[in-house]
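Peer 1: So the sequence shown is numbered by the working numbering: it starts at 579 and just counts up by one.
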Amino acid sequence: MKYVYGPVPSRRLGQSLGIDTIPLKTCNWNCVYCQLGRTVPLTNERKEYFPSEAILAEVKAALASHQPGEIDWLTFVGSGEPTLHSGIGWLILAVKLLTDLPIAVITNGSLLYLPDVRRDLIWADVVMPSLDAGTADLYRQLNRPHPEATFERLVDGLAAFRQDYSGKLWVEVMLVQGLNDTDRALQELATILRRIQPDEVHINLPTRPPAETWVREPEEEGLMRARAILGDIATVVHPAEGSFDLSGCDTVVEAIIGIITRHPMRQEELERTLARWTPGKVREALADLEASGGAQVVERYGVRFWSAAPSHYPDEVHSLAAAPGQRRHQQR
Ligand code: SF4
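(1) Which value, in whole angstroms, describes the spacing of the CA atoms of G656 and T785?
(2) Entirely within the region 644-680 and at least 3 residues each: give me those beta strand (DSSP E) ranges in chain order.
(3) Around the ligand SF4, what residues have a beta-carbon under 6 Å from a heavy atom of it, in chain order?
(4) Mapping DSSP to helix, strand and coil, what is Y717?
(5) Short of 7 Å in beta carbon distance, which residues of its chain neighbour T769, apart from the five on each side in sequence? Order them along the chain.
(6) Alpha carbon to alpha carbon, how far is C612 from V860?
(7) Please report the Cβ distance between N606 and R616, rounded to the nearest whole angstrom; I am assuming they are in contact, meaning their Cβ atoms lie under 8 Å.
(8) Let me confirm a value: Q593 is counted as buried when at least 16 other C-beta atoms fall within 10 Å, else exposed. Which label applies?
(9) Got a sec? Which residues, its chain only, sit under 6 Å from G871 by beta carbon, not counting five neighbours each side?
(10) Do you know offhand how far L736's Cα is from W668's?
(11) Give me, in chain order, the residues of the same chain whose beta-carbon lies closer than 6 Å to that of W651; leave out the 5 immediate sequence neighbours on both sides.
(12) Could you compute how far the alpha carbon of L671 sits from the alpha carbon of R697?
(13) If you count every other CB in all the chains shown that lies within 10 Å of the CB of L690, and 16 or more means buried, which is it?
(14) If I follow the unbroken alpha helix (DSSP H) through M802, where does it start and stop?
(15) Tell me the DSSP secondary structure of A901 in three-state form.
(16) Does DSSP classify A812 as helix, strand or coil?
(17) Output the distance between the C-alpha atoms of P892 and P646, rounded to the nearest integer angstrom.
(18) Considering just the uninterrupted stretch of the beta strand (DSSP E) at Q874, what are its terminal residues?
(19) When you compare only the Cα positions, how much space is there between E795 and Y879?
(20) S825 bridges to which residues according to DSSP?
(21) Name, in chain order, the residues that DSSP records as bridge partners for T685.
(22) Helix, strand or coil, according to DSSP, for T851 in the structure here?
(23) Taking the beta strand (DSSP E) that K746 falls in, what are its first and last residues?
(24) So what's P892 in DSSP terms, helix, strand or just coil?
(25) So what does DSSP say about V793, is it helix, strand or coil?
(26) Can you tell me the Cα-Cα spacing of H841 and L732, whole angstroms?
(27) Measuring alpha carbon to alpha carbon, tell me which of P587, T604, V610 ends up nearest L783.
(28) Pull up the CB-CB distance for I774 and R740, whole angstroms please, since I reckon it's below 8 Å.
(29) Report the start-end ranges of each alpha helix (DSSP H) in the region 721-780 that is 4 residues or longer and not cut off at the edges.
(30) By Cβ distance, which residues of its chain are closer than 8 Å to T653, with the 5 residues on each side in sequence left out?
(31) Opposite S885 in the DSSP bridges: which residues?
(32) Who pairs with L595 in a beta bridge, going by DSSP?
(33) Would E626 and G658 be called neighbours here (beta carbons separated by less than 8 Å)?
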């Protein structure tokens, strides 16, 4: 399958069938922590990147091939910003007509200032937008948005969506050491969150390989500060353990590409996830993929992760050259 994957385990959504509406790294943000590498180039254009009918046909096939209880949620998510797909509203409604399973949308939220996008998402059961910063300056440092995706539009769009939307709004905050885990940054974020009134706030940590080499997870003190300042509404979300459903994959290469295009992984993790094949077969396939340019190894936190070949991860020198000033000096 090209557009649908899993179900994969999710801490918040149980076994989640992923619906990926966007080509790899098509996004209007270029987050410093993005596990899919840098966004090259940034785009803010909404269009039908893949045919909506073809995406829907895969959802139908995936639902037909699973027993009741094997899928908990259908989630629009994936390798870019899903609301850039202009057919997402039609797709959400069409999927709703197929199944009673709940639908989630994981989005950066930057296009919610557009009435069309707010209408598109209104039938989702849960919408999970990102909000990492409480000021325009920190937003630019962390999310490095397209010039049209301003902070004012992001916040106004989230607030307007909250007014219209009766489903669950769960705001996702990615906490990065030294950037948004400080007392001041968290107080500013809390002020904006009070305006948006989400149902829940999920604090995520950059455990997967970040685009930039200098990104670090917060220390325990930063996490405690975040919980204290963001309040009872906020919980820390750790990555889920569980099994990836690879029944739609015929070969080990297909399975590896399907996984690392959306979730770069360490070799041991891949070998565990791909237990249908022997570790030797997985290693052999990875070596072939690397040699043929079908996959790449990216090193972050002193760990080697396997990632999709087209992803752009800068080396230390290029990453530090684009780092916020203070970070540039600290890491040398
Ligand atoms: S983390 Fe999401 S919003 Fe940020 S650059 Fe990556 S795909 Fe885009």
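Glycine is no exception: its CB is placed at the ideal position from the N, C-alpha and C atoms. Being a predicted model, the structure only gives us computed values, none of them experimental.
Peer 2: Checking against the coordinates, here is how it stands:
(1) 17 Å
(2) 651-654
(3) Result (chain order): C605, W607, N608, C609, C612, L614, T617, G658, E659, N686.
(4) helix
(5) Short of 7 Å from the beta carbon of T769, and not among the five residues preceding or following it, lie these beta carbons of its own chain, in chain order: G712.
(6) 26 Å
(7) That pair is no contact at about 13 Å.
(8) buried
(9) A887
(10) A straight-line Cα-Cα distance of about 21 Å links L736 and W668.
(11) L591, S594, P680, A682
(12) 11 Å
(13) buried
(14) 798-808
(15) coil
(16) In the structure shown, A812 sits in a strand (DSSP, three-state: E or B).
(17) Straight-line Cα distance between these residues: approximately 43 Å.
(18) Residues 873-878.
(19) 10 Å
(20) According to DSSP, S825 bridges with nothing at all.
(21) P707
(22) helix
(23) Going by DSSP, K746 is part of the beta strand (DSSP E) stretching over 746-752.
(24) coil
(25) It is coil, neither helix nor strand.
(26) 26 Å
(27) V610
(28) Contact between I774 and R740 holds, since their C-beta atoms are separated by about 6 Å, short of 8 Å.
(29) Annotation note: the region 721-780 contains the following uninterrupted alpha helix (DSSP H) runs of length 4 or greater, listed N- to C-terminal: 729-742, 761-774.
(30) Leaving aside the five residues that flank T653 on each side, the residues in its chain whose CB is nearer than 8 Å to its CB run, in chain order, S588, L591, S594, L595, G596, I597, I681, A682, V683, I684.
(31) Q874
(32) L652
(33) Not closer than 8 Å, so no.
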